[in-house]
Amino acid sequence: MSEQTIESILHEQRTFPPAANFAANAHIKSMADYKALCDRAAKDPEGFWGELAETELDWFQKWENVLDWQPPVAKWFEGGKTNVSYNCLDRHLTTWRKNKAALIWEGEPGDSRTLTYAQLHREVCQMANVIKQFGVKKGDVVGIYMPMIPEAAIAMLACARIGAVHSVVFGGFSAEALRDRLNAAEAKLVITADGGFRKDKVITLKDQVDKALADDAAPSVENVLVVRRIEKDTHMEEGRDHWWHEVRQGISAHCPAEPMDSEDILFILYTSGSTGKPKGVVHTTAGYNLYAHVTTKWTFDLKDTDIFWCTADVGWITGHSYIVYGPLSNGATTVMYEGVPRPSNPGCFWDVVEQYGVTIFYTAPTAIRAFIKAGDKHPNARDLSSLRILGTVGEPINPKAWMWYYQVIGGERCPVVDTWWQTETGGFMITPLPGATPTKPGSATLPFPGIQADVLDLDGNEIPANQGGYLVVKHPWPGMMRTVYGDFNRFRRSYWEHIAPKDGQYFYFAGDGARKDEDGYFWIMGRVDDVINVSGHRLGTMEIESALVSHPAVAEAAVVGKPDEIKGESIVAFVMLEEDYEAGDDLDKALKQHVVEEIGAIARPGEIRFSDDLPKTRSGKIMRRILRSLAAGEEISGDTSTLQDRSVLDKLRER
Ligand code: WTA
12 MSEQTIESIL HEQRTFPPAA NFAANAHIKS MADYKALCDR AAKDPEGFWG
62 ELAETELDWF QKWENVLDWQ PPVAKWFEGG KTNVSYNCLD RHLTTWRKNK
112 AALIWEGEPG DSRTLTYAQL HREVCQMANV IKQFGVKKGD VVGIYMPMIP
162 EAAIAMLACA RIGAVHSVVF GGFSAEALRD RLNAAEAKLV ITADGGFRKD
212 KVITLKDQVD KALADDAAPS VENVLVVRRI EKDTHMEEGR DHWWHEVRQG
262 ISAHCPAEPM DSEDILFILY TSGSTGKPKG VVHTTAGYNL YAHVTTKWTF
312 DLKDTDIFWC TADVGWITGH SYIVYGPLSN GATTVMYEGV PRPSNPGCFW
362 DVVEQYGVTI FYTAPTAIRA FIKAGDKHPN ARDLSSLRIL GTVGEPINPK
412 AWMWYYQVIG GERCPVVDTW WQTETGGFMI TPLPGATPTK PGSATLPFPG
462 IQADVLDLDG NEIPANQGGY LVVKHPWPGM MRTVYGDFNR FRRSYWEHIA
512 PKDGQYFYFA GDGARKDEDG YFWIMGRVDD VINVSGHRLG TMEIESALVS
562 HPAVAEAAVV GKPDEIKGES IVAFVMLEED YEAGDDLDKA LKQHVVEEIG
612 AIARPGEIRF SDDLPKTRSG KIMRRILRSL AAGEEISGDT STLQDRSVLD
662 KLRER
């Protein structure tokens, strides 16, 4: 976070209590209600979550035990049998919701589709039967690499239905990144589309899949199911590739949901960490379902009349929990939009809000800052009066952006819920409840009921109010990740040992710094590890460095984030070249393109600085703190006595 943002957050005093008429109709109506829930959950966590599991989910068989906690291994609702696809679809079909819109889809070039619960159920059952025909069984992994079309959600739900584990790979990732993820999880089937539309361009996803699978580089993949989205000649490999519209012919739309054990894996989602390759975050069936369900219901005060729109991509956890599983489990109407705001169409989001009468709108600070820049005239020219709640996620929101969102988009009528959470947490951890929590611009406010969050030092001691420390969670919750796929030790090391366990108490820590104010409100300060957040996308600096050094010209690379007005952070790469290579515009372009091919366009460095040396400690460790200051154009402050060669600083500064 920039100095300026920290400064403005430190002096933020404004408070916005929920309006009385809003609170009166909300699921959680007051701070007294909120506190009662928190107290109940703290005294009797198993009673609290057990009751919710009973009332909010349907079960084929009730659990025997709410929680078995052998730190850091949590098992929730053991002995129980349920199915997430059943909870998202079948149980609504016996109610009036059968003919309610489940999914409203707005495609980028203007086409649209609405699927009722009954229709979505049919599509999911058919795809589930097709997947089974490919020999995919319970526990097998299916890679999903899709644009934002209904079949992305249908594929996820179809996997869940038969107990296949999905691993969705964001459609903006490159063939290389896709191949790594398919191999890491040994995916048997890939579900993709011939292409999609992104920012006025056609993206040819199937070409990327072909590249990823070329030369048998992902040998576990036996079949590829391809949804037709763009009209283009697409290469289809005989025996391996199958058009969805062809293979579904004559396939039954009847497919009972497989009873799954509570702790069976629902999905893997790869995310960046501070070291090594991306981690496969594992979420399981019942706990994740319950947590996505309850957080959607309470944080968005979800009602049957709502039109809920989360603008994320299904390739990220936000899309998993708040486009697909949370809203559908609640029987809500969820909106899926293929487009993104861009200079050629800066008002496209507001068109969608107006057209469908969106009542709950959930987006990222980076989008909000881009809207501010595009000007008030775009939202002002649309009717946004249907909105009643606004949400934000992905990075700290600066008070200025919060206020603009509240005033210009929400007409000072809609509570703003700033939701702090992570891929690992499955759902919201720190967030206002819109009918209860007085909000403060820039603060994610208070923990969700049942979540015990705190700010500690490295030894597990509490930090006094208004001082920065590590943001931790002290008690397991149903939506927590269970392990890193195939690497339990990495799970233990990365999340549970950073802050030393104390007297049998374990602390979950996943990389953020925060402070608590005198009211106990949390102010997230951003990542304290080597993860950077570019436009709300989480990227490991190490991943980008590895991509750079895989280019023959690069001897060594160090990547840092630099504060950016719109994106939050932008990527700056310090690059040392091999002899025989010359720094210049051509190489600058070539290296940026190389990163795009290795990872994807989201990782393209904004700036490459060539240098003949990097600041290192005597033991050879790159001093990123110094590079961050250099990238931001700040004075180098703090201790530089461990620096091996001080003259490096002058050289780097001259550039
Ligand atoms: C950041 C996205 C401040 C944080 C759901 C976290 C936030 C990382 C907020 C997780 C917020 C997310 N305020 N920072 N409201 N929400 N973050 O796994 O640094 O893609 O650790 O999950 O995003 O990113 P991830």
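So the sequence shown is numbered by my numbering: it starts at 12 and just counts up by one. We put the beta carbon where it would ideally sit given N, CA and C, even for glycine.
Original post:
So is the beta-carbon of W327 under 7 Å away from any non-hydrogen atom of the ligand WTA?
Top reply: yes
Original post:
Going by the beta-carbon positions, is the gap between I633 and I582 smaller than 8 Å?
Top reply: no
Original post:
Smallest Cα separation from A525: which of K573, L457, M553, I577?
Top reply: L457
Original post:
Are the stretch 386–406 and the stretch 281–292 touching, with three or more C-beta to C-beta distances below 8 Å?
Top reply: no
Subject >> Cβ shell of S96 (< 7 Å), same chain only, five flanking positions each side left out >> reply: V135, L168, A171, R172, A268
Subject >> Reduced DSSP secondary structure (H/G/I, E/B, other) of Q433 >> reply: coil
Original post:
Quick one: what's T345 bridged to in DSSP?
Top reply: L114, F319
Original post:
For the ligand MG, is there a heavy atom less than 7 Å away from the beta-carbon of I535?
Top reply: Summarising the ligand content, the structure contains the ligand WTA and does not contain the ligand MG.
Original post:
What do you get for D465, buried or exposed, if any count of 16 or more other CB atoms within 10 angstroms of its CB means buried?
Top reply: buried
**OP:** Confirm, please, whether the CB-CB distance from I142 to A175 is below 8 Å.
**Re:** yes
Subject >> R615 in three-state terms, based on DSSP >> reply: coil
Subject >> Length of the line joining the Cα atoms of G206 and I241 >> reply: 6 Å
Original post:
Are the CB atoms of L277 and T295 nearer to each other than 8 Å?
Top reply: yes
**OP:** Determine the burial state of R25: buried for a count of at least 16 other Cβ atoms within 10 Å of its Cβ, exposed for fewer.
**Re:** exposed
Subject >> Alpha carbon of A303 to alpha carbon of G337, nearest angstrom >> reply: 5 Å
Subject >> Cα-Cα separation between A31 and I610, rounded to whole angstroms >> reply: 48 Å
Original post:
Using DSSP with H/G/I as helix, E/B as strand and the rest coil, what is Q604?
Top reply: helix
Original post:
Among N76, G350, M42, which residue has its Cα nearest to the Cα of V363?
Top reply: G350
Original post:
Mind checking whether the beta-carbon of V404 lies closer than 7 Å to any heavy atom of the ligand WTA?
Top reply: yes
**OP:** Tell whether a beta-carbon distance below 8 Å holds between G342 and D315.
**Re:** yes
Original post:
Between H132 and L104, is the Cβ-Cβ spacing less than 8 Å?
Top reply: yes
Original post:
N409: beta carbon under 7 Å from a heavy atom of the ligand WTA?
Top reply: no
Subject >> Host beta strand (DSSP E) of V560 (start-end) >> reply: Per DSSP, V560 belongs to no beta strand (DSSP E); it is in the alpha helix (DSSP H), 552–560.
**OP:** Would you give the residue range spanned by the alpha helix (DSSP H) that W60 belongs to?
**Re:** 56–67
Original post:
When you compare only the Cα positions, how much space is there between E556 and R657?
Top reply: 23 Å
**OP:** Look up M587 in the DSSP assignment and give the residues it is bridged to.
**Re:** E567
Subject >> Same chain, Cβ closer than 6 Å to A228, five either side skipped, listed in chain order >> reply: R190
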